[in-house]
Amino acid sequence: MLPAPVLPRLLRVLRLSDGQRVLVRPVRPRDTAVLQAYVRALSPSSRYNRFFGPVPELPPAELDRVLHLDGRNQLALIAQTCGNGSSSVVAEARYALAPDGLDCEFALSVADDFRHKGLGMQLLAEIECRARALGTRRLVGDVTIRCTRSSGKRALP
Ligand SMILES: CC(C)(COP(=O)(O)OP(=O)(O)OC[C@H]1O[C@@H](n2cnc3c(N)ncnc32)[C@H](O)[C@@H]1OP(=O)(O)O)[C@@H](O)C(=O)NCCC(=O)NCCS
């Protein structure tokens with residue numbers, strides 16, 4: 338679980354290309370229900386591309402891992418809509434530093450209704466920024482063969 342003083346540094350408000358704002362914050366243990374609701378609401382092909390299989394929701398072991406990352410070398414973020422009382426999760430992203438400290442593996446997804454508004458790129462930029470601060474040389478992301486436009490390794494300048 339993240340220590341309380343770490344949290345403010347990890348909060349961001351991002352502006353999407355349609356003017357909407359979303360709050361990006363670390364996933365916390367109490368987020369089980371909202372995270373699972375988000376994953377269940379993704380289209381089957383999005384879930385497949387993100388989790389590499391036909392999963393209806395996060396398997397318990399995976400969920401437990403996501404909820405208890407160390408917040409520095411491994412971090413999970415969610416983006417949620419702001420304002421008007423209700424809020425829903427519209428994206429999630431994760432990274433994990435490899436044991437050698439050189440590679441940083443990432444994965445992300447954006448809710449189908451929030452695609453093509455720049456959220457994915459902004460979340461990736463967040464991860465890139467954090468990875469660089471940790472001294473990582475490369476961001477590495479696995480993708481399915483159907484999603485090869487985003488495949489490969491990206492060297493950090
Ligand atoms: C990939 C994904 C995160 C992009 O999110 P997004 O918020 O729509 O991304 P942005 O709006 O910031 O950028 C979109 C741009 O990224 C590029 N892009 C989108 N999907 C892409 C893909 N699969 N591969 C490469 N580039 C892609 C395009 O250039 C696109 O530009 P466009 O909007 O003009 O078409 C989203 O499509 C998604 O959640 N997909 C399902 C899960 C997944 O495949 N995750 C990646 C593997 S872990």
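Note that the numbering used here has the sequence shown beginning at 338, numbered continuously upward. Beta carbons: idealized from backbone N, C-alpha and C, even for Gly.
Cβ-Cβ distance between L351 and V364 below 7 Å
Counting from 1 along the sequence shown, the entry for residue 351 is found at position 14. Counting from 1 along the sequence shown, the entry for residue 364 is found at position 27. Their beta carbons are not under 7 Å apart, which means L351 does not touch V364 by this criterion.
Say whether the region 458-465 touches the region 441-448, bearing in mind that this needs 3 or more beta-carbon pairs closer than 8 Å, one atom from each stretch.
yes
Using a threshold of 6 Å, is the CB atom of V447 nearer than that to any non-hydrogen atom of ligand 2?
This structure does not include ligand 2; its bound ligands are ligand 1.
Would you check whether ligand 1 has a heavy atom nearer than 6 Å to the C-beta of N421?
By one-based count along the sequence shown, residue 421 stands at place 84. Answer for N421: no, Cβ out of range of ligand 1.
Chain-order list of residues whose beta-carbon lies under 8 Å from that of P340 (same chain, five-residue window excluded)
Stepping through the sequence shown from its first residue, residue 340 is reached at position 3. At P340 the pLDDT is 47, less than 50, meaning the model places this residue with poor confidence; the figure from the coordinates comes in the next sentence. For P340, where only same-chain residues beyond five positions count, the Cβ hits under 8 Å are G408.
Please confirm whether any heavy atom of ligand 1 lies closer than 6 Å to the CB of S424.
Position 87 of the sequence shown, counting from 1, holds the residue named residue 424. No, the Cβ of S424 stays beyond 6 Å of every heavy atom of ligand 1.
Taking L434 as part of the beta strand (DSSP E), name the residues at either end of that continuous run.
Here residue 434 corresponds to residue number 97 of the sequence shown, with the count starting at 1. Start and end: V426 to L434.
Below 8 Å on the Cβ atoms is my guess for L456 versus A428; work out the distance and round it to an integer in Å.
Taking the sequence shown and counting its residues from 1, the one referred to as residue 456 is at position 119. Taking the sequence shown and counting its residues from 1, the one referred to as residue 428 is at position 91. Right, the Cβ-Cβ distance comes to about 5 Å (below 8 Å), so this counts as a contact.
Cβ-Cβ distance between L476 and C441 below 7 Å:
In the sequence shown, the residue the question calls residue 476 occupies position 139. In the sequence shown, the residue the question calls residue 441 occupies position 104. Closer than 7 Å, so yes.
So for L466, helix, strand or coil by DSSP?
In the sequence shown, counting from the first residue as 1, residue 466 sits at position 129. Strictly speaking, residue 466 in this sequence is Cys, with Leu absent from that position. Of the three classes helix, strand and coil, the one that applies to C466 here is helix, per DSSP.
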